[in-house]
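In what follows, a structure is listed as structure tokens, so that the remarks can point back to it.
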Amino acid sequence: MSLRNLLVFIVATTIFLPAASAAEAVKQRRFDYKSLQQRAADFVQQQVTAPENGRIEVIASGLDPRMQPKLCANDLQLSIAGNNELDSYSTVEIRCEGQQLWRTYVPVRIYEYRQVITAAGSMMNEHVISAGDLQLREVNVNNLRSQYYTEPDQLIGARIKRRVSAGDVISARDTCLVCEGEAVTITATSGNLTITATGVALADGLQGEAVTVRNQRSNKALQAHVSGLNEVKVGN
Numbered sequence: 001m002s003l004r005n006l007l008v009f010i011v012a013t014t015i016f017l018p019a020a021s022a023a024e025a026v027k028q029r030r031f032d033y034k035s036l037q038q039r040a041a042d043f044v045q046q047q048v049t050a051p052e053n054g055r056i057e058v059i060a061s062g063l064d065p066r067m068q069p070k071l072c073a074n075d076l077q078l079s080i081a082g083n084n085e086l087d088s089y090s091t092v093e094i095r096c097e098g099q100q101l102w103r104t105y106v107p108v109r110i111y112e113y114r115q116v117i118t119a120a121g122s123m124m125n126e127h128v129i130s131a132g133d134l135q136l137r138e139v140n141v142n143n144l145r146s147q148y149y150t151e152p153d154q155l156i157g158a159r160i161k162r163r164v165s166a167g168d169v170i171s172a173r174d175t176c177l178v179c180e181g182e183a184v185t186i187t188a189t190s191g192n193l194t195i196t197a198t199g200v201a202l203a204d205g206l207q208g209e210a211v212t213v214r215n216q217r218s219n220k221a222l223q224a225h226v227s228g229l230n231e232v233k234v235g236n
């Protein structure tokens with residue numbers, strides 16, 4: 001090789017090899033624990049739908065902050081681990097396929113927030129609920145273990161069964177229009193004919209809900225719908 005050609009070769013490799021190395025480095029994307037958790041949260045967020053008058057919050061965690069960043073030249077592949085259905089506690093599997101073959105698992109929590117009925121002030125046992133007793137407040141409904149309500153009309157006129165503090169979510173355990181074990185007026189309607197009788201409620205119920213009551217005269221149990229305080233209706 002002549003001196004001239006040797007000089008050309010040296011210059012060419014000096015110019016182009018670092019450029020090739022830089023291009024290779026661009027392809028090798030780095031993912032630290034924060035970026036992997038964010039990828040998992042975004043993946044789940046795209047699959048859930050916020051409830052009416054509510055919102056969804058997705059939080060991913062569980063990866064060790066000391067984890068060495070992972071490299072991947074290809075697009076990350078995400079799925080729910082084990083092909084399980086998505087629920088409030090899920091795990092996202094993140095995979096890199098290709099030369100840098102690896103996978104990691106990210107725990108994800110899904111929080112559902114809704115505007116629910118809460119107590120505007122303290123209410124004692126036997127108190128009959130009015131509109132002024134109620135207020136809407138955004139609540140994480142994942143933590144609620146009993147039926148909750150979203151419309152004031154569902155509770156107005158109902159009776160408090162146990163003390164409720166200001167700010168508490170009012171649940172099915174706290175109230176009833178018709179209360180188990182208490183006397184009710186049964187109204188049966190057929191065409192233009194209306195008959196009333198007395199009975200005993202065998203379950204709690206709120207406006208419009210179906211409850212079982214026992215006719216005191218016949219001792220028969222029947223299905224009825226709550227129509228008011230201590231009142232149920234049978235038939236149309």
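If you're matching positions, the sequence shown starts at 1 in the UniProt record's numbering and goes up one per residue. The beta-carbon is built from N, C-alpha and C at its ideal position, and this holds for glycine as well.
Where the beta strand (DSSP E) containing residue i begins and where it ends
i             : result
glutamine 115 : 102-119
leucine 222   : 221-228
alanine 183   : 183-190
cysteine 72   : 70-72
cysteine 96   : 89-96
isoleucine 80 : 77-80
valine 234    : 231-235
Sub-7 Å separation of residue i and residue j beta-carbons
i             : j              : result
threonine 187 : lysine 233     : yes
valine 92     : alanine 40     : yes
arginine 217  : valine 200     : no
threonine 118 : arginine 145   : no
leucine 206   : alanine 131    : no
leucine 63    : tyrosine 33    : yes
glutamate 112 : isoleucine 160 : no
valine 106    : glutamine 37   : yes
serine 122    : serine 165     : yes
For residue i: DSSP bridge partner residues
i              : result
isoleucine 170 : Answer by DSSP bridge pairing: none, since isoleucine 170 is not bridged.
residue 265    : Missing from the structure shown is residue 265; the chain here goes from 1 to 236 and no further.
glutamine 135  : Thr118
isoleucine 195 : Ala188
asparagine 140 : Tyr113
tyrosine 148   : Ser171
methionine 123 : Val164
valine 60      : Sequence check: residue 60 is alanine here, not valine. According to DSSP, which records beta bridges pairwise, alanine 60 is partnered with Val108.
asparagine 215 : Gly199
glutamate 209  : None; glutamate 209 has no bridge partner.
glycine 157    : Per DSSP, none; premise fails for glycine 157.
Residue interval of the alpha helix (DSSP H) (run including residue i)
i         : result
lysine 34 : 33-45
Cβ distance (whole Å) where residue i is taken to contact residue j below 8 Å
i              : j             : result
glutamine 28   : alanine 81    : Rounded, the Cβ-Cβ distance is 26 Å, inconsistent with contact.
glycine 228    : leucine 177   : 7 Å
aspartate 203  : threonine 212 : Sequence inspection shows alanine at residue 203; the aspartate mentioned does not correspond to that position. With 8 Å as the limit, alanine 203 and threonine 212 qualify as a contact, their Cβ atoms being about 6 Å apart.
residue 260    : valine 141    : No answer is possible for residue 260: the residues shown for the chain start at 1 and end at 236.
threonine 175  : threonine 185 : About 19 Å separates the two Cβ atoms, so there is no contact after all.
isoleucine 110 : valine 48     : 6 Å
glutamine 115  : glycine 54    : 7 Å
glutamine 77   : glutamate 52  : About 33 Å separates the two Cβ atoms, so there is no contact after all.
aspartate 235  : threonine 196 : The sequence given here has glycine at residue 235, not aspartate. Not confirmed; about 12 Å, so no contact.
Pair every Cβ in the segment 61-80 with every Cβ in the segment 121-134, then say whether three or more of these pairs are closer than 8 Å.
no
Do the segment 102-109 and the segment 146-153 meet, that is, are 3 or more Cβ pairs less than 8 Å apart?
With the cut-off at 8 Å, the segment 102-109 and the segment 146-153 do not touch.
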